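Mapping the sequence shown onto the numbering used here, position 109 (from 1) lands on 884, and the numbers just tick up by one. Notes to accompany the following structure.
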Amino acid sequence: MNVISTRVRDVFILEPAVFGDERGWFFESWSERETERHGLLYRFVQDNHSYSAKTGTLRGLHVQKGRHSQAKLVRCVRGAVLDVAVDLRKGSPTYMQWVGVELSAQNKRQLLIPRGFLHGFITRTDDVEFLYKTDNFYNKDSEATVIWNDPDIAVDWGVDSPIINEKDSLGLRVADCGIDFVYSGAPEKEKT
Numbered sequence: 776m777n778v779i780s781t782r783v784r785d786v787f788i789l790e791p792a793v794f795g796d797e798r799g800w801f802f803e804s805w806s807e808r809e810t811e812r813h814g815l816l817y818r819f820v821q822d823n824h825s826y827s828a829k830t831g832t833l834r835g836l837h838v839q840k841g842r843h844s845q846a847k848l849v850r851c852v853r854g855a856v857l858d859v860a861v862d863l864r865k866g867s868p869t870y871m872q873w874v875g876v877e878l879s880a881q882n883k884r885q886l887l888i889p890r891g892f893l894h895g896f897i898t899r900t901d902d903v904e905f906l907y908k909t910d911n912f913y914n915k916d917s918e919a920t921v922i923w924n925d926p927d928i929a930v931d932w933g934v935d936s937p938i939i940n941e942k943d944s945l946g947l948r949v950a951d952c953g954i955d956f957v958y959s960g961a962p963e964k965e966k967t
């Protein structure tokens with residue numbers, strides 16, 4: 776597995792080694808041993824799977840607050856998305872900066888996002904299936920939604936009018952969400 780740093784601290788692209796032959800292909804999508812070899816210490820407890828029918832569908836920006844915060848390992852298994860992570864860890868050298876990475880069934884890349892980050896994606900094709908691994912269980916009372924076009928973050932989604940649901944359209948600006956992650960010099964997971 777190839778681990779690639781992004782311009783936002785502690786967010787990594789994981790590129791699997793793909794083995795193919797006349798039957799098709801095979802790859803390890805997750806190996807705790809392999810990621811630990813790179814100093815990335817995560818244990819995932821929940822898998823989620825979403826489907827989006829149309830190009831331009833936006834999901835996010837979401838975060839779990841407090842003791843329910845989540846690190847995520849995400850990948851697109853059908854179609855393609857622009858996946859976005861926003862650093863909300865006060866004191867981080869990349870605080871309030873975002874990174875966008877194309878994830879697709881074809882490139883098989885994954886994005887590893889530590890605790891303390893907003894997450895969202897926009898579909899670049901129809902019929903997208905997207906998988907999320909999380910290191911903590913979802914808690915409805917700890918969820919916050921930041922509006923997709925918050926000018927303080929200024930994510931370039933590549934569209935002016937995405938398809939979004941009511942909950943995401945009612946998201947707040949990040950300054951109004953009461954999010955209080957603090958950067959410690961190590962990914963949030965390593966502090967616990």
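Cβ coordinates follow ideal geometry from the N, Cα and C atoms, glycine included. The structure displayed is predicted, hence computed values, not measured ones.
Check whether the Cβ atoms of residue i and residue j sit closer than 7 Å, and answer yes or no.
i: L893; j: V849; result: no
i: C851; j: F794; result: no
i: I788; j: V876; result: yes
i: R784; j: P868; result: yes
i: L833; j: I939; result: yes
i: V930; j: K865; result: no
i: D901; j: L878; result: no
i: V856; j: R798; result: no
Which residue wins for smallest C-alpha separation from residue i, given the options the options?
i: R884; options: T869, K840, D955 and G854; result: G854
i: I897; options: E797, D910, T830 and A919; result: T830
i: E918; options: V930, W932 and L947; result: L947
i: F802; options: D910, N882, A950 and W923; result: N882
i: D935; options: D901, N924, L836 and G866; result: N924
i: T781; options: S827, A828, A792 and L886; result: L886
i: S804; options: S959, A880 and W932; result: A880
i: K942; options: G933, G835 and S959; result: G835
i: P937; options: G960, A828 and D796; result: A828
Using a Cβ-Cβ cutoff of less than 6 Å, which residues in the same chain neighbour residue i once the five nearest sequence positions on both sides are dropped?
i: F908; result: A quick correction: the sequence has Lys, not Phe, at residue 908. For K908, where only same-chain residues beyond five positions count, the Cβ hits under 6 Å are F819, D822 and L848.
i: A860; result: V786, V874, I888, F892 and H894
i: E790; result: N777 and R884
i: Y826; result: E904
i: H824; result: L906
i: D796; result: none
i: D932; result: The sequence shown places Trp at residue 932, not Asp. The residues are I897.
Tell me which residues share the same chain as residue i and place their Cβ nearer than 7 Å to its Cβ, disregarding the 5 neighbours each side in the sequence.
i: I954; result: V838, K840, L863 and A919
i: E965; result: For E965, the pLDDT reaches just 39, beneath the cut-off of 50, and the residue's location in the model is therefore unreliable, although a value from the coordinates is still provided. These residues qualify, in order along the chain: L816.
i: H813; result: V778
i: Q845; result: Q839, R890, T909, D910 and N911
i: H843; result: N911, N914 and S917
i: W800; result: V793 and F794
i: C952; result: A919 and V921
Could you name the residues of the same chain whose beta carbon sits closer than 8 Å to that of residue i, not counting the 5 residues immediately before and after it, in chain order?
i: D927; result: M871, R948, V949 and A950
i: E811; result: none
Should residue i be counted as a contact of the ligand HEM given a C-beta to heavy atom distance under 6 Å?
i: G835; result: Ligands are entirely absent from the displayed structure, and the ligand HEM is therefore not among its contents.
My parser needs the beta strand (DSSP E) runs of 3 or more residues fully inside the stretch 828–893; what are they?
833–839, 847–853, 855–862, 873–879 and 885–888
With a floor of 3 residues, list each beta strand (DSSP E) that falls wholly inside the stretch 889–929, ordered by position along the chain.
The stretch 889–929 contains these whole beta strand (DSSP E) runs: 892–898, 903–909 and 918–920.
Runs of 4 residues minimum, wholly inside the stretch 795–825: which ones carry the alpha helix (DSSP H) assignment?
807–812
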